[in-house]
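Input: a single structure, listed below in structure tokens.
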Amino acid sequence: MVQHRSVPRPAVLTPSAATSQFRPVLLDASRPEGLRELEALAASSSVGAVQDTIEEQLDELIRSQDPAAAQTTGSLAAMRERICGGMPLWRWGTWVFYPWSGRLVHVLPRNDFQQLRTDRNCNKIDRAQQADLRERRIGVVGLSVGNSAAVTLAMEGVGGSFRLADFDTLGLSNLNRLRAGIGDLGVSKAVLAARQMFEIDPYLDIEVFTDGLTEESIGPFFDGTGGTLDLLVEECDTVWAKVAAREYARSRGIPVLMDANDRGLLDVERFDREPDRPLFHGRGGGATSADVAKMNQGELLSFLLAVVDEPRLSPAMREAVGEIGRSLSSWPQLASGVMLGGALVADTARRILLGEEIPSGRTYIDLDELIPAMDPQTAFVRAMAAVR
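For the sequence shown, my numbering begins at 101 and goes up steadily by one.
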């Protein structure tokens, strides 16, 4: 008779306070209090890894500022000494602690960091424009599709202050289109986006709204302590929030961008130039957020389909509409379409914030049309011709 040993089952890790942490700790070791905090942190069990590439960062900064003057090792060493003012390099700059990963990272001071991080943006975005963009406040509602937009905005340096709103947490089915890992499952999508953005730039100012947009949170989201938003990116699924966000944006003269993630649809509403413009270019039939709050599920679906121009949906999306809730759990979305949408939103946001005359309207960047496949007959004829 085979004896089966009883294997103790490990305790299930449940979400803790660390699940909601998204803001890094910045320490200045050049100051006595900052040095004490850094030493205490380094001696604690909180730090799992230390990454210090400050010398390489400083050398890269010097080369970016004056490529010709930094040709020799001796020149670099002298320049490093001058910039640091004789302070030991390990105490110069900023130490950044990321509580959710336990990493302690040494980076350049704020101004030097921002200059070097965006150095390769020149001359597509000049220094004056970069400084302008860092002063802008951007709101992103819906951090599934909106994650790509938010992270791309942070990478490109479009915006220095962000407000992120989403009530949902990351699920396994989100990983077909959202840049995250299985270790992030169960984390708030707004928190996840904030972490990813802070890992690109720890000097950003980010506020998260993990309950999404509600009647209580929508006011602080638009008019927080740092000031009113300069631009809104709306990517949420909740119909009330889509309408209410535009009502708030229109009343405050805030432009709104939306990527519908089908056929590369990018929607632009310039409420900053057109304060009386109808929401959704009039496709919503004049319905208000109060009207939407009273709609049943069928009415909400009809409203959404009108907003996104159902006849212009891709064949796959039109076919999917009738299958949601039957053979499909939700709207089909692909990573390639989401990444394209993030690029379209970030590029358009940058141009609007820098004063370009981008009009209200709807544009399709449909890759199936721009890069069409051959029909089978044409492909066969060309293949035969190649053989000959």
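Idealized CB from N, CA, C, for every residue including glycine.
- Excluding the 5 residues flanking it on each side, Cys-184 has same chain C-beta neighbours closer than 7 Å at Trp-192, in chain order.
- Glu-307 sits in a strand when the DSSP states are folded into three classes.
- In the three-state scheme derived from DSSP, where H, G and I count as helix and E and B as strand, Gln-165 is classed as helix.
- A direct Cα-Cα distance of roughly 11 Å separates Leu-428 from Glu-419.
- Between Ser-317 and Asp-323, the gap from beta carbon to beta carbon reaches 8 Å or more.
- The alpha-carbon separation between Gly-246 and Ala-265 amounts to approximately 10 Å.
- The Cβ-Cβ distance between Gln-121 and Pro-199 falls below 8 Å.
- Around the Cβ of Ser-288, a 10 Å sphere holds 16 or more other Cβ atoms; the residue is buried.
- Pairing Val-356 with Arg-383 gives a Cβ-Cβ distance that is not under 8 Å.
- Distance from the CA of Ala-290 to the CA of Gly-186, rounded to the nearest whole angstrom, comes to 42 Å.
- Each residue's CA atom was taken as its position, placing Glu-410 and Ala-360 some 12 Å apart.
- Looking at the DSSP output, Asp-323 bridges to Thr-328.
- With contacts defined by Cβ atoms closer than 8 Å, Leu-366 and Thr-463 form a contacting pair.
- When secondary structure is reduced to three states using DSSP, Trp-431 falls in the coil class, being assigned neither helix nor strand.
- Bridge partners of Arg-237 according to DSSP: Ser-261.
- Per DSSP, reduced to three states, the secondary structure at Arg-203 is strand.
- With a minimum length of 3 residues, the unbroken runs of beta strand (DSSP E) contained wholly in the region 349 to 373 fall at 356 to 359, 365 to 369.
- With contacts defined as CB atoms closer than 8 Å, Ile-225 and Met-255 fail to qualify as a contacting pair.
- In the three-state scheme derived from DSSP, where H, G and I count as helix and E and B as strand, Leu-400 is classed as helix.
- Taking Arg-263 as reference, the option from Ser-248, Gly-239, Gly-281 with the minimal CA-CA separation is Gly-239.
- In the three-state reduction of the DSSP assignment, Asp-152 falls in the strand class, which pools E and B.
- Note that the C-beta distance between Gly-353 and Asp-372 is below 8 Å.
- Leu-216 is a Cβ neighbour of Glu-160, given a cutoff of 8 Å.
- Your pair Val-196 and Pro-124 checks out as a contact, with CB atoms roughly 5 Å apart and the cut at 8 Å.
- Under DSSP, Ser-288 takes part in a beta bridge, and its partners are Thr-269.
- Its chain contains Ser-248 as the residues whose beta carbon lies nearer than 7 Å to that of Met-439, once the 5 sequence neighbours on both sides are disregarded; these appear in chain order.
- Note on geometry: alpha-carbon atoms of Leu-453 and Asp-330 lie some 8 Å from one another.
- In summary, Val-150 is exposed, with fewer than 16 beta-carbon neighbours lying within 10 Å of its beta-carbon over all protein chains present.
- Per DSSP, Gly-246 is one residue of the alpha helix (DSSP H) stretching across 245 to 256.
- It is roughly 49 Å from the alpha-carbon of Pro-167 to the alpha-carbon of Pro-432.
- When DSSP assignments are scanned along the region 175 to 219, the uninterrupted stretches of beta strand (DSSP E) that are 3 or more residues long and fall wholly within it turn out to be 194 to 198, 203 to 207.
- The C-beta of Asp-212 has 16 or more other C-beta atoms within 10 Å across all chains shown, which makes the residue buried.
- Here Val-258 is near Arg-450, since their CB atoms are less than 8 Å apart.
- In this structure, the alpha-carbon of Asp-219 lies about 11 Å from that of Arg-163.
- In the structure shown, Arg-377 falls within a coil segment according to DSSP collapsed to helix, strand and coil.
- When the beta-carbon positions are compared, Leu-278 and Asp-362 stay at least 8 Å from each other.
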